[in-house]
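Novice: Numbering-wise, the UniProt record's numbering puts 11 at position 11 of the sequence shown, and it's gapless, one number per residue.
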Amino acid sequence: MRLKARFAGPLSGRARPPGDKSISHRALIMGGLAHGRTEIGCLLNAADVQNTAAAVRRFGATVERGDGDTWVVTGAGGFSQPSETIDCGNSGTAARLLLGAASGYKLSARFDGDASLRKRPMNRVIAPLTQMGARFDAPNQRMPLIMHGGRLKGITYRSPVSSAQVKSAVLLAGLEADGETVLIEPERSRDHTERMLGVFGAAIDDVEIDGARHPRVRAGKLTGANIYVPGDPSSAAFPAAAALIVAKSEIRIEDVLVNPLRLGFYETLLEMGAKITYEERRDPIGEPIANLIVNASKLRGANPPARRAPAMIDEFPILAVVAAFAEGETRIVGAAELRVKESDRITMMVDGLRACGVDAEELPDGLVVRGHGPKSVRGGASIRTLGDHRVAMSFLVLGLASKEPVVVDDADMIATSFPGFADFMQGLGADIAAA
Numbered sequence: 001m002r003l004k005a006r007f008a009g010p011l012s013g014r015a016r017p018p019g020d021k022s023i024s025h026r027a028l029i030m031g032g033l034a035h036g037r038t039e040i041g042c043l044l045n046a047a048d049v050q051n052t053a054a055a056v057r058r059f060g061a062t063v064e065r066g067d068g069d070t071w072v073v074t075g076a077g078g079f080s081q082p083s084e085t086i087d088c089g090n091s092g093t094a095a096r097l098l099l100g101a102a103s104g105y106k107l108s109a110r111f112d113g114d115a116s117l118r119k120r121p122m123n124r125v126i127a128p129l130t131q132m133g134a135r136f137d138a139p140n141q142r143m144p145l146i147m148h149g150g151r152l153k154g155i156t157y158r159s160p161v162s163s164a165q166v167k168s169a170v171l172l173a174g175l176e177a178d179g180e181t182v183l184i185e186p187e188r189s190r191d192h193t194e195r196m197l198g199v200f201g202a203a204i205d206d207v208e209i210d211g212a213r214h215p216r217v218r219a220g221k222l223t224g225a226n227i228y229v230p231g232d233p234s235s236a237a238f239p240a241a242a243a244l245i246v247a248k249s250e251i252r253i254e255d256v257l258v259n260p261l262r263l264g265f266y267e268t269l270l271e272m273g274a275k276i277t278y279e280e281r282r283d284p285i286g287e288p289i290a291n292l293i294v295n296a297s298k299l300r301g302a303n304p305p306a307r308r309a310p311a312m313i314d315e316f317p318i319l320a321v322v323a324a325f326a327e328g329e330t331r332i333v334g335a336a337e338l339r340v341k342e343s344d345r346i347t348m349m350v351d352g353l354r355a356c357g358v359d360a361e362e363l364p365d366g367l368v369v370r371g372h373g374p375k376s377v378r379g380g381a382s383i384r385t386l387g388d389h390r391v392a393m394s395f396l397v398l399g400l401a402s403k404e405p406v407v408v409d410d411a412d413m414i415a416t417s418f419p420g421f422a423d424f425m426q427g428l429g430a431d432i433a434a435a
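1) Assuming contact is defined by CB atoms lying nearer than 7 angstroms, are L183 and P215 in contact in what I supplied?
2) Relative to the alpha-carbon of E280, which residue among D137, I293, T62 has its alpha-carbon at the smallest distance?
3) Per the DSSP calculation, V408 is bridged to which residue(s)?
4) Going by alpha carbons, who is nearest to G60 out of N259, M30, N45, T70?
5) Here's a check: name, in chain order, each residue in its chain whose Cβ is nearer than 7 angstroms to the Cβ of G149, leaving out the five neighbours to either side.
6) To the nearest angstrom, report how far apart P82 and T38 are at their CA atoms.
7) Any C-beta of chain C sitting closer than 7 angstroms to the C-beta of S168?
8) In whole angstroms, give me the CA-to-CA distance for A27 and V217.
9) In terms of residues, what are the limits of the alpha helix (DSSP H) holding G174?
10) Between V350, F325, R307, which lies nearest to A247 when the distance is taken from Cα to Cα?
11) Kindly identify the DSSP beta-bridge partner or partners of A177.
12) Measuring alpha carbon to alpha carbon, tell me which residue in H372, R118, I383, R390 is nearest L353.
13) Check whether the Cβ atoms of A272 and R300 sit closer than 7 angstroms, and answer yes or no.
14) Have a look at the DSSP bridge pairing and note the partners of K275.
15) Can you tell me whether DSSP reads E84 as helix, strand or coil?
16) The alpha helix (DSSP H) with D48 in it runs from where to where?
17) So L145 and A173 are supposed to be a Cβ contact under 8 angstroms. How far apart are they, rounded?
18) Would S297 pass as a contact of A320 if the rule is Cβ separation under 7 angstroms?
19) Using 10 angstroms around the beta-carbon of K21, count the other beta-carbons present and answer buried if the total reaches 16, otherwise exposed.
20) Suppose you measure from the CA of S343 to the CA of T130; what does that come to, to the nearest Å?
21) Considering only residues of the same chain and omitting the five flanking positions on each side of G198, which have a CB-CB separation below 8 angstroms?
22) I'd like to know if the region 52–67 and the region 249–257 are in contact, where contact means that at least 3 CB-CB pairs between them fall below 8 angstroms.
23) Would you call the CB atoms of L396 and I432 closer than 7 angstroms?
24) First and last residue of the alpha helix (DSSP H) that includes E194?
25) What are the start and end residues of the beta strand (DSSP E) that includes F136?
26) Using a threshold of 6 angstroms, is the CB atom of Q50 nearer than that to any non-hydrogen atom of the ligand MN?
27) Assuming D351 is part of the alpha helix (DSSP H), what are its boundary residues?
28) Tell me whether the beta-carbon of K221 lies closer than 7 angstroms to the beta-carbon of G36.
29) Look at G366 and I318 and say whether their C-beta atoms are less than 7 angstroms apart.
30) What alpha helix (DSSP H) runs, 4 residues minimum, are completely inside the region 206–244?
31) If you run the structure through DSSP and keep just helix, strand and coil, what is I184?
32) Please report the straight-line C-alpha distance between R195 and S376, rounded to a whole angstrom.
33) Pull up the DSSP beta-bridge partners for H35, would you.
34) At the level of alpha carbons, what is the spacing between L242 and E180?
35) Taking its Cβ as the centre, do 16 or more other Cβ atoms sit within 10 Å of N259, making it buried, or is it exposed?
36) To the nearest angstrom, how far is the alpha carbon of R120 from that of K167?
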């Protein structure tokens with residue numbers, strides 16, 4: 001489906017974004033590994049997460065819809081041999097975490113995904129899991145592949161990249177490994193897996209190596225738990241960005257996860273002069289939550305440090321859009337990981353911004369955007385998304401503030417992370433409709 005976005009005046013109102021995708025995946029997987037009943041409130045009901053739910057069922061757990069937004073997972077204390085292929089759809093998170101979670105059990109499982117996922121590298125998790133004792137039939141280090149699980153040994157693994165997916169795969173495998181498993185990464189990535197493993201009763205802590213703290217897990221069984229999924233800050237980034245760049249806007253985004261390792265985007269916006277206020281901070285579930293008040297702002301260019309990239313990797317596309325409406329140059333680096341996401345997001349964003357009249361330059365690990373203020377972006381382009389949900393949403397936000405409307409050629413994949421995105425934005429006053 002093609003969608004068109006155009007300027008329709010200031011945004012206003014309040015809304016809660018969908019449940020956090022990262023936490024939703026992890027809650028389902030750990031609930032499936034655990035013994036007993038796990039209740040998950042406000043689970044993201046999107047295509048990516050439903051693929052994870054289906055996979056957990058195929059590994060032997062029961063996953064059912066409860067009352068309202070509650071889901072119930074009943075696990076048997078581990079995964080069993082699946083009779084069907086584990087279809088991960090479009091989700092690299094599901095694929096890599098499930099590979100780690102299943103690798104410690106005596107089973108063989110075929111993993112596959114859609115055309116986009118088949119292009120994404122799996123060697124970054126295959127390598128450490130192989131060191132631990134799992135075996136893989138994966139000639140191209142990509143999907144489809146077959147994993148043969150079994151007895152594992154704990155390792156200390158130095159990941160060449162800061163990746164929560166790699167870290168999570170190794171830590172989940174460590175639950176069934178002899179000894180202890182430690183994951184060392186260049187910069188600490190989002191820590192939802194560590195936090196949630198503690199809630200499920202795992203023996204997890206931090207160990208100091210080379211002057212930094214790194215997660216360590218020991219073998220042990222998980223016990224069912226009650227999990228509440230706060231609003232996704234990566235989804236909240238889109239209405240927040242729209243409110244910043246559409247003149248005279250003021251919106252309230254409620255119940256948003258504000259884990260410090262997920263706030264790189266918002267830290268950068270504040271450095272650019274954004275008027276964003278955190279209200280009613282609370283920590284009821286082992287993860288910090290707050291409401292965000294966002295006002296239209298006069299923005300300036302910024303140069304976020306490369307070490308911040310892991311904390312804003314999903315928000316890179318929408319940050320590039322915000323930079324187009326700022327005064328001055330914004331240079332975003334340390335994000336080479338984006339070349340192997342659902343698309344090459346660096347190239348996709350530079351090409352799309354240029355089509356909308358923005359001065360943008362591609363870098364090996366990021367991009368440069370030279371903005372000329374809030375009324376300088378022409379728009380008027382039809383954007384090829386190549387099925388990338390975050391690219392599609394980013395350019396729809398651009399269209400809300402540009403001189404001419406913007407069309408995205410395929411918005412169907414938005415449902416993988418933000419079901420009802422157009423309706424959500426329309427509720428705040430945006431003009432996003434079928435083209």
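Note that the Cβ used here is the ideal one computed from N, Cα and C, for glycine as well.
Specialist: Straight from the coordinates:
1) Yes.
2) The residue among D137, I293, T62 with its C-alpha nearest the C-alpha of E280 is I293.
3) Answer by DSSP bridge pairing, in chain order: L3, I383.
4) Looking at the Cα atoms, M30 is the closest of the given residues.
5) By the criterion of a C-beta distance shorter than 7 angstroms, G149 is surrounded in its chain by A102, S103, G104, Y105, K106, L107, A134, once the five residues flanking it on both sides are discounted.
6) Straight-line Cα distance between these residues: approximately 21 angstroms.
7) You won't find chain C in this structure, because it holds only one protein chain.
8) Those two C-alpha atoms are separated by around 18 angstroms.
9) Its alpha helix (DSSP H) spans residues 164–174.
10) Taking A247 as reference, the option from V350, F325, R307 with the minimal CA-CA separation is F325.
11) Within the DSSP secondary-structure output, A177 pairs in a beta bridge with L152.
12) Nearest to L353 by C-alpha distance, out of H372, R118, I383, R390, is I383.
13) Per the sequence shown, the amino acid found at residue 272 is Met instead of Ala. Yes, the pair counts as a contact, with Cβ atoms nearer than the cut-off.
14) K275 pairs with N295.
15) Coil at E84, not helix or strand.
16) Looking at the DSSP string, the run of the alpha helix (DSSP H) that includes D48 is 47–58.
17) Actually they do not touch by this definition, with Cβ atoms about 16 angstroms apart.
18) By the CB criterion at 7 angstroms, S297 and A320 fall outside the cutoff.
19) Buried, because 16 or more other Cβ atoms sit within 10 Å of the Cβ of K21.
20) Approximately 27 angstroms between the Cα atoms of the pair.
21) Counting only Cβ-Cβ distances below 8 angstroms, and skipping sequence neighbours, we find I204, G286.
22) Touching, no.
23) Closer than 7 angstroms, so yes.
24) First-last of the alpha helix (DSSP H) with E194: 192–199.
25) F136 -> beta strand (DSSP E) spans 135–137.
26) The ligand MN is not part of the structure shown, which contains no ligands of any sort.
27) Annotation for D351: the continuous alpha helix (DSSP H) segment containing it runs 345–355.
28) Result no, Cβ atoms of K221 and G36 do not sit closer than 7 angstroms.
29) Contact annotation: G366 and I318 have beta-carbon atoms that are not nearer than 7 angstroms.
30) Taking 4 residues as the minimum length, the region 206–244 contains no alpha helix (DSSP H) run wholly inside it.
31) In the structure shown, I184 sits in a strand (DSSP, three-state: E or B).
32) Straight-line Cα distance between these residues: approximately 43 angstroms.
33) A76, T223, per the DSSP bridge assignment.
34) What sits at residue 242 in the sequence shown is Ala, not Leu. Note on geometry: alpha-carbon atoms of A242 and E180 lie some 46 angstroms from one another.
35) Its Cβ being crowded by 16 or more others within 10 Å, N259 is buried.
36) A direct Cα-Cα distance of roughly 17 angstroms separates R120 from K167.
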